[in-house]
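Residue numbers (the numbering used here): 12 to 93. In this text, a Cβ means the ideal position worked out from N, Cα and C, and glycines have one as well. See structure below.
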């Protein structure tokens, strides 16, 4: 198990952002994805699942990737109160 550093967070966020950009590009190029109303975030999530450690293992996500969701949901609910 690797130790958490801010660098791993930055690398994971960069890969997530790159996947989202690829999802936006795929949705812009493939008109069938637009006509089926599939959002770019869903495409990016599917690509991340397929290419990540649980799929083909091409993207080196850190082991802490699963904990980001629980931390970020706190931020979302804290912003709702504002």
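Residues in its own chain within less than 8 Å of residue 48 by CB, not counting five upstream and five downstream? Against the chain shown, residue 48 aligns to sequence position 37. Cβ neighbours of residue 48 beyond the five flanking positions: none.
Which of helix, strand or coil does DSSP assign to residue 67? Indexing the chain shown from 1 puts residue 67 at position 56. Coil.
Kindly indicate which residue of 15, 43, 41 and 76 has the alpha-carbon position closest to the one of residue 27. To locate residue 27, count along the chain shown from 1; it is residue 16. Of 15, 43, 41 and 76, the residue nearest in Cα terms is 76.
Looking at residue 51 and residue 31, is the spacing between their C-beta atoms short of 9 Å? Looking up residue 31 in the chain shown gives position 20. Looking up residue 51 in the chain shown gives position 40. Yes.
Between the Cα of residue 36 and the Cα atoms of 20, 65, 53 and 87, which residue gives the shortest distance? Sequence index remark: in the chain shown, residue 36 carries index 25 (1-based). Comparing Cα positions, the closest option is 53.
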